[in-house]
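Undergrad: Sharing a structure with you now.
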Amino acid sequence: MERVVIVADLMSRDVVAVQPSTNLADAAQCMLRHHISGLPVLNESGHLVGVLSEGDLLRRPELGTSGRQANWIKAFLKPASLAAEYVHTHSRLVGDVMSMPPIFVRPETSLAKAAELMLQKSVKRLPVLQGEILVGVISRVDMLNALAPRLIDENKDVCEEEILRSIEEALAKELWAPKAGLQVSVHGDVVRLEGCVFSQNLNEKDS
Numbered sequence: 056m057e058r059v060v061i062v063a064d065l066m067s068r069d070v071v072a073v074q075p076s077t078n079l080a081d082a083a084q085c086m087l088r089h090h091i092s093g094l095p096v097l098n099e100s101g102h103l104v105g106v107l108s109e110g111d112l113l114r115r116p117e118l119g120t121s122g123r124q125a126n127w128i129k130a131f132l133k134p135a136s137l138a139a140e141y142v143h144t145h146s147r148l149v150g151d152v153m154s155m156p157p158i159f160v161r162p163e164t165s166l167a168k169a170a171e172l173m174l175q176k177s178v179k180r181l182p183v184l185q186g187e188i189l190v191g192v193i194s195r196v197d198m199l200n201a202l203a204p205r206l207i208d209e210n211k212d213v214c215e216e217e218i219l220r221s222i223e224e225a226l227a228k229e230l231w232a233p234k235a236g237l238q239v240s241v242h243g244d245v246v247r248l249e250g251c252v253f254s255q256n257l258n259e260k261d262s
């Protein structure tokens, strides 16, 4: 049985982090310098309190992207909400702009669960906590680095019969795939599906 890949297998352990009191300009420069899309935010005790991401910096007056709520929308918002939004888009401190509460995973979390969490929350990086201690970060880039060589290895010395068999086995497990009338053929690196489909969605899956 193949071993389940966990976060600890792929996570980056050399973590760059900032504090809530860090100047936003310094944090932005740090992200650019290290070519990363986000930074864990740690308090003075070293505990994770938030995450600063590229998304947190999109709405800024310096870029002309802070935006203004229409007056009729503001009428339905509480003053506290409007004030918080203003601080979020205008503050120069990480603590005022970061996303809270932080979304994180554990070293023993399966890679499948981490990937699903990234998709659900629309994030590119997840801090990894061991207890309350930040021990790493798992990113989409880490997953891509692990995926690329596996794709190459799986394509080595694979005959057309093996490709055909694996596709037929995969289709048999999918509820959307017709159980009859679907012909699969493999010619070199090209897989062709032929048969009748009953919706545009099925046609897109086949293509």
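Each residue of the sequence shown is one higher than the one before, starting from 56 at the first, in my numbering. Here a beta-carbon is modelled for each residue, glycine too, at the ideal position from N, C-alpha and C.
Would you tell me roughly how many angstroms separate the C-alpha atoms of residue 222 and residue 237, rounded to the nearest one?
TA: Approximately 12 angstroms between the Cα atoms of the pair.
Undergrad: Can you give the Cα-Cα distance for residue 113 and residue 68, rounded to whole angstroms?
TA: Distance between the alpha carbons of residue 113 and residue 68: 28 angstroms.
Undergrad: For residue 214, which of 65, 185, 161 and 245 has the nearest alpha-carbon?
TA: Ranking 65, 185, 161 and 245 by Cα distance to residue 214 puts 245 first.
Undergrad: Exposed or buried, what is residue 247 when buried is set at 16 or more other beta-carbons lying within 10 Å of its beta-carbon?
TA: Looking at its Cβ environment, which holds fewer than 16 other Cβ atoms inside 10 Å, residue 247 is exposed.
Undergrad: Which term fits residue 59, buried or exposed, when burial requires 16 or more other beta carbons within 10 angstroms of its beta carbon?
TA: Label assigned to residue 59: exposed.
Undergrad: Quick check on this structure: which residue in 74, 105 and 94 has the alpha carbon closest to the alpha carbon of residue 156?
TA: Checked all of 74, 105 and 94; the closest Cα to residue 156 is 105.
Undergrad: What are the start and end residues of the alpha helix (DSSP H) that includes residue 221?
TA: Start and end: 215-227.
Undergrad: Could you pull out every unbroken beta strand (DSSP E) segment of at least 3 residues lying fully inside the segment 93-123, listed in chain order?
TA: Listed in chain order, the complete beta strand (DSSP E) runs (minimum 3 residues) inside the segment 93-123 are 93-97 and 103-108.
Undergrad: If contact is defined by three or more beta carbon pairs under 8 angstroms, each pair taking one atom from either stretch, is the segment 74-89 in contact with the segment 189-196?
TA: Not touching, per the Cβ criterion.
Undergrad: Between residue 82 and the rest of its own chain, which residues show a CB-CB distance below 7 angstroms, the 5 nearest in sequence each way excluded?
TA: For residue 82, where only same-chain residues beyond five positions count, the Cβ hits under 7 angstroms are 73, 94, 107 and 149.
Undergrad: DSSP three-state label for residue 125, please.
TA: Caution is warranted here: a pLDDT of 48 is assigned to residue 125, below 50, making its placement in the model unreliable, and the coordinate value is therefore given only provisionally. If DSSP states are grouped into helix, strand and coil, residue 125 belongs with coil.
Undergrad: Leaving out five residues on either side along the sequence, give the residues of the same chain with a beta carbon under 8 angstroms from the beta carbon of residue 65.
TA: For residue 65, where only same-chain residues beyond five positions count, the Cβ hits under 8 angstroms are 166, 193, 197, 198, 200 and 201.
Undergrad: Where residue 159 and residue 87 are concerned, what is the direct C-alpha to C-alpha distance, given to the nearest angstrom?
TA: If I take the Cα positions, the gap works out to 22 angstroms.
Undergrad: With DSSP as the reference, label residue 149 as helix, strand or coil.
TA: Three-state DSSP puts residue 149 in a helix.
Undergrad: Based on Cα-Cα distance, which residue from 146, 172 and 182 lies nearest to residue 92?
TA: Out of 146, 172 and 182, 182 has the C-alpha closest to the C-alpha of residue 92.
Undergrad: Relative to the C-alpha of residue 89, which residue among 145, 71 and 117 is closest?
TA: Among 145, 71 and 117, the Cα nearest to that of residue 89 is on 71.
Undergrad: Would you mind reading off the limits of the alpha helix (DSSP H) that contains residue 175?
TA: Here the alpha helix (DSSP H) through residue 175 covers 166-176.
Undergrad: Buried or exposed for residue 220, please, with buried defined as at least 16 other CB atoms from any protein chain shown within 10 angstroms of its CB.
TA: Burial call: exposed.
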